[in-house]
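Notes follow once the structure below has been shown.
Residue numbers (our numbering), protein chains in the order written: chain P, 1 to 852; chain X, 853 to 977.
What follows is the structure in structure tokens.
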């Protein structure tokens, strides 16, 4: 708790290191700058930076989003540069770390440590705090590492506190979600109030209608003093119900009134107060009524309404807590500790203290604490909780690992590349939270209504009171009061207000559980009404990298032998097609030989000597140039080429030996996903820069009818626009890098994400697992969620538009029907619970599995 | 009509007029965000039954940091949503939560709780 609080952004108040003597040469710093999207951004930032007194030069690179600044540390501090970038409207990138300090007791120590750190190149700001005995450092991870920071702290005469085993353990066990605790507490208080109000309600109800109960009728006949005294006592009993059990209505009303707004509390508070005051008057001054016998009391209204509405609030809190279960699961995934190598020792640290560049050790069965790159060892890693992909992924040296994935088999070491708020998981959590907080367009209607709703209900209640008083039946005052109270109580602004956000929270959370990040309510609402979906071929439908598909042999040769020769020859080559052949041979467990005299013939192929044979691998022209007869293979060549593959001739010792074909292969579940999309009634279009023949071959294989081939990368957005001009709502699926303009142009852009790079800017939906099935699931989730929202809205609007007029008594002239305030209270209390419960039904949504 | 009916009618209509004026016609003047040394335009907003202040005036093109502090437990206000900026923030009770925005164009931008019961405005000049 305390930690989170003091971590919250306070404006940097620490002293800035201006007093250092000015060295002859300027200091150089490189800062990452976020938010640069246009060509004119860098000059603006450069201008802002060079205007600072003490900056010698500044150069901003748009491509790698970095600002290189030469400055005089004697006249300007790094943090001022950061501020200038921020003031210019961009986001300077910096990481933060909290370093615990041993025995930091005085405020002068604080200043010393801050100064020492601020003088370290790469440290942007440092704020030491006596409370937690730690210093929060903002730093540029590419310039400074933990060691440098520690040296700075030591130079100030302090020591970095060794994390005690107990501290680490405490960090692990510190699991209290303050929000959860507050909710539990409120639930318990409300339930106590409910039981109290209920306990009072029962005798009050019985004694309020003595005429209906034979024994009581005789004991306290109408108009008797006994009856008045009993009723007065009931009033005394009801007072604590009004003032204690109903207290939140009054405080809620008061807080809202101060802001000139009104809410559910206002309506309930006025309603129960009106009923209560009427009863007080009836008991105290029965003479005011035309016939004293009519001076009945409504204590039961106050008590029962409070009991029911309080119960409704309690149930709503319980149900609302469940709507954010998905995000809680994600937060729970975060590792609490990391085993880091520092000074050659492996030490356990709370995960907040890991810095970029640390070497982290992971043993089998452990959680990977942060994002990074494997430096030693190998293992299989289960990333299913993040990507939704159930198969463990093999990780070797150089591979990327995602924080919070679970290490399965081996132990390995990796270098931390992203920590704290920058890790993939933290980004996912932030994005999901933002999306859950965003609004679907459908909610704008509700927003318009909600500002006017409560005052309108109050006006309606007053008008109903007037109408009943002017022309209603006798006793008019009794009827008017009942109608006023019922109208105020039956109106339920909560059901309206809860309808969209609760469903959205559950729906977007459900997406995250399935490895689909829906970025906003807008994207969620648009996804359900897609008419067409454009799929980029390479990397979306296909794997995006070539693989060996066919081996055809001339008479007298054998499959494996031809492949082995071709692969052995290509082993030295770095060409992607060559790598595909080598990989194909390795998959068949062929042992490859060494190549002598390897030569690449640009535009034709390669040649070399394998096992004493002269081997040629290449196109038809290469064969013709070397006068090799290939007639018997040309038919197969044609066939393979028409299938969109790249066939290559293999010749051994001047004779054609066969063909090896390589192609970008279709992902196993693409066909099934496209089939599902079509079954959802969505037109599927394939878009590719490849030639018509290859495109058609792939299209046939996966069952796409409309193909846009030979589209230049720059024209992709244009193709999307053309489809939109046909009046269609268009979704685009691409990799998010080359396709960014097309993704942005589409009504909904789906980016196929890979690894730790989940924050793909141009996309509305990010599919963490690189499979098309995610598109189907995203659309299904969107449809299910929006259906749920509509149910809620219809329910809430319908409830209010029906309930309020009935409460006002419009049915009375025709049917003689008038609603009791008690029924109104029950209806109101359970309408909002119903909305939240309906939203919670979405939690049981299961995506249909696509057969691969 | 009897006198008591006249009294109820007139009192009722006056009450209606008061409700219209009180909730809809009177608007609060805004509070200008302070410029800080960090390059932000900052303002502190108390969340209790509504936003205090509920109208914040800022300049265009400079980052804005709004520090929310929620001092109630009602579940409605546990989040604040800036619809036009696509941003939202959880507001745990009793904690200071900073929301940073970049107003790129002038105009009036509402911020609300997810249910739209609490309303505030960010006026960009």
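Beta carbons are placed, not taken as given, at the ideal position from N, Cα and C, and that holds for glycine.
Would you say residue i reaches chain X, if we count a Cβ-Cβ gap shorter than 7 Å as a contact?
{"i": "residue 263 (chain P)", "result": "yes"}
{"i": "residue 415 (chain P)", "result": "no"}
{"i": "residue 510 (chain P)", "result": "no"}
{"i": "residue 447 (chain P)", "result": "yes"}
{"i": "residue 175 (chain P)", "result": "Interpretation of residue 175 (chain P) is limited by its pLDDT of 48, a score under 50 that renders its predicted location unreliable; the figure taken from the coordinates is listed afterwards. So no, residue 175 (chain P) is outside the interface."}
{"i": "residue 523 (chain P)", "result": "no"}
{"i": "residue 286 (chain P)", "result": "no"}
{"i": "residue 28 (chain P)", "result": "no"}
{"i": "residue 501 (chain P)", "result": "yes"}
{"i": "residue 201 (chain P)", "result": "no"}
{"i": "residue 458 (chain P)", "result": "yes"}
{"i": "residue 86 (chain P)", "result": "yes"}
{"i": "residue 136 (chain P)", "result": "no"}
{"i": "residue 578 (chain P)", "result": "no"}
{"i": "residue 154 (chain P)", "result": "no"}
{"i": "residue 550 (chain P)", "result": "no"}
{"i": "residue 820 (chain P)", "result": "no"}
Between which residues of its own chain and residue i is the CB-CB distance below 8 Å, once the five residues before and five after are set aside?
{"i": "residue 893 (chain X)", "result": "885, 886, 887, 910, 911, 914, 915, 916 and 917"}
{"i": "residue 611 (chain P)", "result": "565, 568 and 593"}
{"i": "residue 678 (chain P)", "result": "684 and 703"}
{"i": "residue 933 (chain X)", "result": "939, 940, 963, 964, 965 and 966"}
{"i": "residue 413 (chain P)", "result": "341, 359, 360, 361, 362, 374, 375, 376 and 377"}
Return the Cβ separation of residue i and residue j in integer angstroms, given the expectation that the two are a contact with Cβ distance under 8 Å.
{"i": "residue 377 (chain P)", "j": "residue 410 (chain P)", "result": "6 Å"}
{"i": "residue 498 (chain P)", "j": "residue 313 (chain P)", "result": "Actually they do not touch by this definition, with Cβ atoms about 12 Å apart."}
{"i": "residue 669 (chain P)", "j": "residue 777 (chain P)", "result": "About 11 Å; that fails the 8 Å criterion."}
{"i": "residue 425 (chain P)", "j": "residue 517 (chain P)", "result": "Rounded, the Cβ-Cβ distance is 12 Å, inconsistent with contact."}
{"i": "residue 656 (chain P)", "j": "residue 628 (chain P)", "result": "6 Å"}
{"i": "residue 304 (chain P)", "j": "residue 271 (chain P)", "result": "Residue 304 (chain P) to residue 271 (chain P), Cβ: 12 Å. No contact."}
{"i": "residue 667 (chain P)", "j": "residue 542 (chain P)", "result": "7 Å"}
{"i": "residue 838 (chain P)", "j": "residue 788 (chain P)", "result": "6 Å"}
{"i": "residue 32 (chain P)", "j": "residue 75 (chain P)", "result": "Not confirmed; about 23 Å, so no contact."}
{"i": "residue 395 (chain P)", "j": "residue 379 (chain P)", "result": "6 Å"}
Excluding the 5 residues preceding and the 5 following residue i in the sequence, name in chain order all residues of the same chain whose CB lies nearer than 6 Å to its CB.
{"i": "residue 193 (chain P)", "result": "245 and 310"}
{"i": "residue 327 (chain P)", "result": "432 and 509"}
{"i": "residue 609 (chain P)", "result": "596 and 597"}
{"i": "residue 919 (chain X)", "result": "896, 948 and 950"}
{"i": "residue 732 (chain P)", "result": "534, 720, 742, 743, 746 and 749"}
{"i": "residue 210 (chain P)", "result": "216, 217 and 220"}
Consider the Cβ of residue i: report whether some Cβ of chain P lies at a distance smaller than 7 Å.
{"i": "residue 966 (chain X)", "result": "yes"}
{"i": "residue 933 (chain X)", "result": "yes"}
{"i": "residue 940 (chain X)", "result": "yes"}
{"i": "residue 891 (chain X)", "result": "yes"}
{"i": "residue 854 (chain X)", "result": "no"}
{"i": "residue 976 (chain X)", "result": "no"}
{"i": "residue 884 (chain X)", "result": "no"}
{"i": "residue 951 (chain X)", "result": "no"}
Within a Cβ cutoff of 7 Å, which residues of the same chain sit near residue i, ignoring the five residues on either side of it in sequence?
{"i": "residue 643 (chain P)", "result": "697"}
Run the proximity test for residue i: is its beta-carbon closer than 6 Å to any non-hydrogen atom belonging to the ligand FMN?
{"i": "residue 153 (chain P)", "result": "In terms of ligand content, the structure shown is empty, and the ligand FMN therefore cannot be addressed."}
Using a C-beta to C-beta distance shorter than 8 Å, which residues of chain C count as neighbours of residue i?
{"i": "residue 857 (chain X)", "result": "Although the question refers to chain C, the structure presented lacks it and instead comprises the protein chains P and X."}
- request: Output, in sequence order along the chain, the residues in the segment 862 to 882 of chain X whose CB is closer than 8 Å to any CB in chain P.
  value: Cβ contacts with chain P come from 864, 865, 867, 868, 871, 872, 874, 875, 876, 878 and 880.
Contained beta strand (DSSP E) runs [length at least 3] in the segment 742 to 801 of chain P, N- to C-terminal order: Counting whole runs of 3 or more residues, the segment 742 to 801 of chain P contains the beta strand (DSSP E) stretches 748 to 752 and 765 to 767.
field: Residues of the segment 462 to 476 of chain P with Cβ closer than 8 Å to any Cβ of chain X, in chain order
entry: Of all residues in the segment 462 to 476 of chain P, the ones placed with a Cβ closer than 8 Å to any Cβ belonging to chain X are 462, 463, 465, 466, 469 and 470, in chain order.
- request: Output, in sequence order along the chain, the residues in the segment 897 to 923 of chain X whose CB is closer than 9 Å to any CB in chain P.
  value: For the segment 897 to 923 of chain X, which is checked against every Cβ of chain P, the residues closer than 9 Å are 900, 901, 902, 903, 904, 906, 913, 914, 915, 917 and 919.
query: Can you list, in chain order, the stretches of the beta strand (DSSP E) that have 3 or more residues and sit fully within the segment 296 to 374 of chain P?
result: Segments of the beta strand (DSSP E) lying fully in the segment 296 to 374 of chain P: 337 to 342, 345 to 350 and 359 to 362.
message: At a CB distance below 9 Å, what residues from the segment 257 to 281 of chain P approach chain X? Give them in sequence order.
response: When CB distances to chain X are screened at a threshold of 9 Å, the residues of the segment 257 to 281 of chain P falling below it are 257, 258, 259, 260, 261, 262, 263, 264 and 265, in chain order.
task: Jot down the residue ranges of each uninterrupted alpha helix (DSSP H) in the segment 457 to 515 of chain P, minimum 4 residues, whole runs only, in chain order.
output: 476 to 490 and 493 to 513, all fully within the segment 457 to 515 of chain P.
field: Residues of the segment 405 to 439 of chain P whose Cβ lies closer than 8 Å to any Cβ of chain X, in chain order
entry: Within the segment 405 to 439 of chain P, the residues whose Cβ lies closer than 8 Å to any Cβ of chain X are, in chain order, 433, 434, 436, 437, 438 and 439.
Ordered list of alpha helix (DSSP H) runs contained in the segment 202 to 284 of chain P, each at least 4 residues: If we require 4 residues or more, the alpha helix (DSSP H) runs fully inside the segment 202 to 284 of chain P come out as 214 to 219, 225 to 240, 247 to 258 and 264 to 284.
query: Which residues, taken in chain order from the segment 47 to 64 of chain P, show a beta carbon closer than 7 Å to some beta carbon of chain X?
result: Residues: none.
- prompt: Mind pulling the alpha helix (DSSP H) runs of 4 or more residues that sit fully within the segment 855 to 899 of chain X?
  reply: The segment 855 to 899 of chain X contains these whole alpha helix (DSSP H) runs: 855 to 872.
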